[in-house]
Structure formats: C-alpha cells, structure tokens
Amino acid sequence: KIHLPNITSDNGAYIIYTSGSTGNPKGVEIAHASLINFLLSMQQKPGMTANDILYAVTTYAFDISILEFFLPLISGGTTYIANNETLLDAEQIIEELDTIQPTIIQATPSFYQLLFNAGWEGNQNLKILCGGDALQETLSAQLVETCAEVWNMYGPTETTIWSTTKHITKENHAPTIGTPIANTQCYVLDEHLQLLPEGAQGDLYIGGKGLAVGYYKNQEMTHTRFVNNPFGDGRMFNTGDCVAWNADGELAFYGRNDYQVKVRGYRIELGDIETHLNDIDSIQQAVVLVKQDSLEQNILVAYYVANTSVEISKLKTTLKEVLPFYMIPTGFVEIEAFPLTPNKKVDRKALLKREDALQLQKSEYIALKTETEIQLASLWRSIVAHDKIGKTANFFDLGGHSLSSAKLVSLIQNEFSVKLSLNKIFEHPDLESMANHIDTIKLIQQNQDQDQDSIETDFENFSI
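1527 is the number that the working numbering gives to position 309 of the sequence shown; each next residue is one higher, with no gaps.
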C-alpha cells in the first residue's frame, strides 16, 4: 500500500534564495496556490497558447525561469532551452533565434540590449516579456519598433515572480509597470501606511494570492516585511520600491527606496538622474552611483554606455536644464558594457569596486596671469587634486561640490583676508571670474579703509 503525502495548496512548491538589495541570501518559500495563480494569470495576460514557442534564456537560479518552464507546459506550448555556450555569444543567440523562430522571449533589459548591440533587428512575430530591471525608453522604443508586442513585467520574488504587467506601445510607457495581475492588490502608501493619491510617490505594498509563505526559517524578517493588510484580508508585502499611480490608473516606477541617497545634505533619488541621462540621445544606458572623493565625501558618479561620442560638458549642460545643481554627477565614466549578475541584471556592486579615473569636464587651458589667480589655483589644488588649472577651469567641473565649496570659502578668507559667501562660489565657478570677484572685494575693502582714514583725519582737523 502506497502512502501519499498530504499535500495542499498551502504547502510550499519551491524555495528560492535571493540576496535582494541586502547582499544576505534569504530563502523565499512560495506555495502551490501562489504559483498556480501566477501561471494562470500569465496564460491570459501577456498570454500564451499551444501554438507558441518560448525561447528560454534564464538560469534556473532566477525565479523568472519558472515561467519559462511551466507556462508552456500548462498551455500546451513549446519551450526551447538555450544552452550556456550559446548564451555566452550574442551572435550565436541571434542565429539560433533565426533558426528556432520563437514567438515569446522573457529576459532582462540588458539581454535585449546585448542583442541589439550585436546587430539584431528584432522579429515582428516575437512577443517580448521584459523584466528584472528598469526598462529604459531608448530600449523600449527599439523593441516596440522591431517586435510584435512588448510587455514590461514587474514583481519581487516574495510576491511570486511578476505582480504587475504593462503592454508597452509607446517608448514613453517605459517607466510604467502597469496594473496588478489576477487576485493581486497594489497599494501606494506613506511612512504611516496611509494611502496616497494619484501622482504622489510612495512605498509599494502588494497583497493577494501571490504572497510568499515567508522567508524560510527566518520568522523575524518575515514579520518585518510581510505585515497585516489594513485594507483587506491577509497580509501585504513591503517591496521597498518607490511608485505612484498615474492618471491612467497604472503604476509608474521610480526605483528602489535604497537607491535614495543623501549627498551633501540633499536627499536624492538616483533613479531620477538615471532617467534624465537615459533620455539623452547619445546615451544608450546609464547608472548613477555614490562614491567617495579624496576628502571622503559622497559624490555622484555616472557610468554610461554611449551610442555616439559625447562631450561631458554637453551632458552636464543638458542635465542642468532639468535637474538642480546638487543632482548633477561630479564624475562621468564611459564603459563599453555594464557588468551583469548571473541573473543578467546590472551589477552595481561590481561598478562600485571599479577604480576609474573620473571623466571630468575639460576646458581649454589658458595660463594664469594675476597673483590672485595663481594663489587661488593653489587653493583649488588642495581640494580637487588637479595639477593643471587654467583661467577657464570650472571648480565644479573639476570635482568641487557644496561641501568642498565651504572649505574653499574658509581657505580664501585665510589667504586673501576677504569674506566670501558660499553662494558666490556658485555664481563665480570658473577661476578667472572667482579671482576677479576676490580682487573686487579687496578693492572695496581698501576704499572703505581709505574713506575711514579720511573721515578720521577730517575729524582731527575739524575746529569750531
């Protein structure tokens, strides 16, 4: 007699380990009911039938591979699993796509960008599922133009793979992650877990049948991230992502909450800077990180892959039109391609470890002439660590920022015996202009001293 285990829909279907943004691996346990809800929803939208062929490119260590294995199975469709050797060569992938003629591919944005870089021209019979990382407008425009359908997919591992979908038909839809899948609820909340209105950015919480059982053998973390749902039954999960409802009733994605950083006293969303960089025609993809300068102060560094040659000065000028000064990256580093994790996401940790010479805006060198210019250049060198500083050099383009500006004000006061307000550094950022302003202050102070001496002399000579 065979005794079958008593398996219910609430039992775990799989446990998958993910480091998330913390770097500490944690097992996420997904129940059978959650997985079935996900697969049946995906079968309807974005949709799969018995006539479809899915080209599978995802490692089984990444939870989105579960869609590639099981969605074709329940739909009567076909899965073609690309081997590791093929996936290491973009040209081989393109050749295999021409041979297999799949109708669906699911992958990260970096995968599709890799194909386009290798000369891929898309396929008008191919449905694109794109997720796992932010979809940029330039890439979405290429996909929309060259493929049959493009879907932006969003969801953390803890809510069973994908939780929202968006059919992308225009390039400016790229930041939109759409609406919840079946039996799923999305809430945009403030820090007090209060619902936010349309257009207000807040934390994304997800409820419904897709929620994981929890973190395997980690009740403390489970209770921290999975909280009681005050708006319905059961629990909801704190995704750690920043979103807002748009006028169409869809979710706009603004990046990870842990991509929010504090630089020089300003709280900054790195995703905002990345979005504006990626909007520049000559930029194929950009990632902004926080590093420390020689004074051990946080600075913004932009890493980018360019479509064409681009001058740093033009990048900064373009960004200054749409961003405040404190959100303009201090350094720019052009790279051939972004390092990727095994799951084909941009490896931000690998970027942080790079020791790159920052590409700072360069200007034509014009020799210093006045004594003030020479003295001022010496002060600059103690802060920005540049040897060749000419008359047209810009303090901020050489790496200066608001904190180092405060130090410069102090050095100028000691060196020239003049009081200079901090905002004057921003008003006169190039060396010649700053030197002229210092000379102007010195001249005013000398005239005031002479006027005072004249008044005192006149008073001494005054008689009744």
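Cβ coordinates follow ideal geometry from the N, Cα and C atoms, glycine included. No experiment lies behind these values; they were computed from the predicted model shown.
Pull up the DSSP beta-bridge partners for residue i, would you.
i, result
"Lys-1384", "Asn-1370"
"Glu-1552", "Tyr-1522"
"Trp-1338", "Paired residue(s): none; Trp-1338 is not in a bridge."
"Thr-1267", "In DSSP, Thr-1267 forms no bridge with anything."
"Pro-1398", "Thr-1382"
"Gln-1510", "Asn-1516"
"Asn-1612", "Asp-1648"
"Ile-1322", "Leu-1272 and Lys-1345"
"Val-1564", "Leu-1558"
"Lys-1244", "Thr-1236"
"Lys-1418", "According to the sequence shown, residue 1418 is Ala rather than Lys. Its beta-bridge partners do not exist; DSSP assigns none."
"Ala-1249", "Gly-1230"
"Ala-1392", "None, per the DSSP bridge assignment."
"Ile-1630", "Paired residues: none, contrary to the question."
"Val-1540", "For Val-1540, which the question treats as bridged, DSSP gives no partner whatsoever."
Use the C-beta contact count for residue i: other C-beta atoms within 10 angstroms, 16 or more gives buried, fewer gives exposed.
i, result
"Ser-1358", "buried"
"Tyr-1522", "buried"
"Val-1564", "buried"
"Tyr-1583", "exposed"
"Leu-1626", "buried"
"Ser-1227", "exposed"
"Thr-1610", "exposed"
"Lys-1538", "exposed"
"Glu-1303", "exposed"
"Gln-1664", "exposed"
"Tyr-1688", "Summary: the structure shown does not reach residue 1688, with the chain confined to residues 1219 through 1682, and so no result is reported for it."
"Thr-1440", "buried"
"Tyr-1472", "buried"
"Tyr-1433", "buried"
"Tyr-1278", "exposed"
"Gly-1483", "Low local confidence applies: a pLDDT of 47 at Gly-1483 is under 50, so the model's placement there is unreliable, with the coordinate-based value given in what follows. So Gly-1483 counts as exposed."
"Lys-1534", "buried"
"Lys-1606", "exposed"
"Ile-1491", "buried"
"Leu-1291", "exposed"
"Thr-1382", "buried"
"Leu-1306", "exposed"
"Ile-1225", "exposed"
"Asp-1316", "exposed"
"Val-1540", "exposed"
"Glu-1409", "exposed"
"Pro-1264", "buried"
"Ala-1555", "exposed"
"Thr-1240", "Because Thr-1240 sits at a pLDDT of 46, beneath the cut-off of 50, its placement in the model cannot be relied upon, and the following sentence gives the value as read from the coordinates. Flag for Thr-1240 reads exposed."
"Ile-1542", "One point to set straight first is that residue 1542 is Pro, not Ile, in the sequence displayed. Answer is exposed; the Cβ neighbour count stays below 16."
Excluding sequence positions up to five away, which residues of its chain have a Cβ less than 6 Å from the Cβ of residue i?
i, result
"Phe-1322", "Strictly speaking, residue 1322 in this sequence is Ile, with Phe absent from that position. Cβ neighbours of Ile-1322 beyond the five flanking positions: Asp-1270, Leu-1272 and Lys-1345."
"Lys-1384", "Asn-1370, Thr-1394, Ile-1395 and Gly-1396"
"Gly-1245", "Ile-1233, Tyr-1235 and Tyr-1434"
"Gln-1403", "Gly-1425 and Gly-1426"
"Ile-1248", "Ala-1231, Tyr-1232, Thr-1378 and Ala-1430"
"Asn-1464", "Ala-1470"
"Ile-1592", "Leu-1586"
"Pro-1223", "none"
Short of 7 Å in beta carbon distance, which residues of its chain neighbour residue i, apart from the five on each side in sequence? Order them along the chain.
i, result
"Glu-1309", "Ala-1336"
"Ile-1553", "Tyr-1521 and Val-1523"
"Asn-1447", "Gly-1425, Arg-1453 and Met-1454"
"Glu-1286", "Leu-1272, Ala-1274, Thr-1276, Thr-1297 and Gln-1324"
"Ile-1299", "Ala-1274"
"Asp-1497", "Glu-1355"
"Ala-1568", "Pro-1557"
"Leu-1588", "It should be noted that the sequence gives Thr, not Leu, for residue 1588. The answer, listed in chain order, is Ala-1653."
"Ser-1375", "Per the sequence shown, the amino acid found at residue 1375 is Thr instead of Ser. Excluding residues within five positions, the ones whose Cβ falls inside 7 Å are Ile-1234, Thr-1236, Val-1246 and Asp-1281."
"Pro-1320", "Ile-1271, Leu-1272, Tyr-1273, Tyr-1298 and Leu-1344"
Within a Cβ cutoff of 8 Å, which residues of the same chain sit near residue i, ignoring the five residues on either side of it in sequence?
i, result
"Leu-1289", "Leu-1257, Met-1260, Gln-1261, Met-1266, Leu-1272 and Gly-1295"
"Glu-1313", "none"
"Ala-1268", "Ser-1293, Gly-1294 and Gly-1295"
"Gln-1631", "Lys-1637 and Leu-1638"
"Thr-1559", "Asp-1565"
"Glu-1438", "none"
"Gln-1510", "Asn-1516 and Ile-1517"
Check whether the stretch 1383-1396 touches the stretch 1412-1420, counting contact only when three or more Cβ pairs, one atom from each stretch, lie closer than 8 Å.
no
Runs of 4 residues minimum, wholly inside the stretch 1423-1472: which ones carry the alpha helix (DSSP H) assignment?
Within the stretch 1423-1472, the alpha helix (DSSP H) runs of at least 4 residues that lie entirely inside it are, in chain order, 1437-1443.
The stretch 1415-1427 contacting the stretch 1452-1467, beta-carbon criterion three pairs below 8 Å:
yes
Between the stretch 1596-1605 and the stretch 1494-1504, do at least 3 Cβ pairs fall closer than 8 Å?
Not touching, per the Cβ criterion.
Taking only runs of the beta strand (DSSP E) that begin and end inside the stretch 1289-1317, which ones reach a length of at least 3 residues, in chain order?
You should have 1296-1299.
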